[in-house]
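To get this note's numbering, take the position in the sequence shown, counting from 1, and add 98. Worksheet: the structure to be examined is printed underneath.
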Amino acid sequence: MFSLQKLLGKEDQFFTLLEASAAEALRSVEALVKYLQNREQLKTLDEFIASRRKEKSITNEISDTLCATFVTALEREDIEALARALYKIPKTVEKIAERLLVAPQGLTGVDLARQGALLEKAAATVLTMLQELHKGIRLERIKALNDQLQDLEGEADKVLVELLRGVYSGKYDPLQAMFLNDLFELLERVADRCRDAGNVIMQITLKNS
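Below, the structure is given as structure tokens:
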């Protein structure tokens, strides 16, 4: 079996950092889902800000490590692209939390349980893909996980269409409709960010298989 530890050189520091980044992205999504289930609990943005800052710190460490490493068997562009994709997940989640904190009444009569569950599964799948990649290049396994991730993103889009149908039906007042349209767009971005991260992992796998 192909060894990514040998491929990366300097042990497996890049994968350790990337996995930490993916884990932090998942934690941010889990925090969002928790507050969607109990909206009264959202009093501050501290948890989301801390997650995004930690993610940014990891991204900077990856960049610094790349600068200090003269030879990397994995393409630097791939490592940087994956780090950027992972960072965008908690960054977008924080924006959602900002909206919810400012106008919690905007979610009155809106159930986001399905959307939240799909986003949580998507973020968890990204982490699993990285963990699998760390073990070695197993194309079939990573492709299956990427297919699963694409299905989750597609299902999230379908749920979003149903939610938007309610917005355009006129059941909400104009102010709430505007709030929900903005919120749904951000939720869609979280799913897209997870998909983008999965696509980068898949590209790395294909290049090195």
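Where is the CB? At the ideal position from N, CA and C, for every residue including glycine. From a predicted model like this one, the values you see are computed outputs, not experimental measurements.
Using the rule of at least 16 other Cβ atoms within 10 Å of the residue's Cβ for burial, across every protein chain shown, is residue i buried or exposed?
i	result
Ala129	buried
Tyr266	exposed
Gln103	The predicted model places Gln103 with a pLDDT of 47, which falls under 50 and marks its position as unreliable, so this point remains unresolved.
Ala121	buried
Suppose you measure from the CA of residue i to the CA of residue j; what does that come to, to the nearest Å?
i	j	result
Leu217	Tyr185	15 Å
Phe146	Lys132	12 Å
Ala211	Leu278	15 Å
Ala201	Asp294	29 Å
Ser101	Arg182	With a pLDDT of 49 at Ser101, under the threshold of 50, the modelled position of that residue is not reliable, and no figure is offered here.
Glu260	Gln203	20 Å
Leu116	Leu284	24 Å
Residue i by DSSP, collapsed to three states: which one?
i	result
Val208	coil
Arg236	coil
Thr226	helix
Thr142	coil
Gly252	helix
Asp110	coil
Thr306	According to the sequence shown, residue 306 is Asn rather than Thr. If DSSP states are grouped into helix, strand and coil, Asn306 belongs with coil.
Asp245	helix
Asp294	helix
What whole-angstrom Cβ distance do residue i and residue j have, given they're in contact under 8 Å?
i	j	result
Val224	Cys292	5 Å
Thr163	Gln111	6 Å
Ala123	Ile177	With 8 Å as the limit, Ala123 and Ile177 do not qualify as a contact, their Cβ atoms being about 16 Å apart.
Ile393	Ile240	The requested residue 393 does not occur in the structure, where the chain is confined to residues 99 to 307.
If contact is defined by three or more beta carbon pairs under 8 Å, each pair taking one atom from either stretch, is the segment 292-305 in contact with the segment 172-179? yes
Quick check: the segment 150-160 against the segment 247-257, are there 3 or more CB pairs under 8 Å? no
Taking 8 Å as the threshold, find out whether the segment 229-237 comes into contact with the segment 191-203 through three or more Cβ pairs. With a cut-off of 8 Å, the segment 191-203 and the segment 229-237 do not count as touching, because too few Cβ pairs lie within range.
Determine contact between the segment 282-297 and the segment 241-253, defined as no fewer than three beta-carbon pairs at a distance below 8 Å. yes
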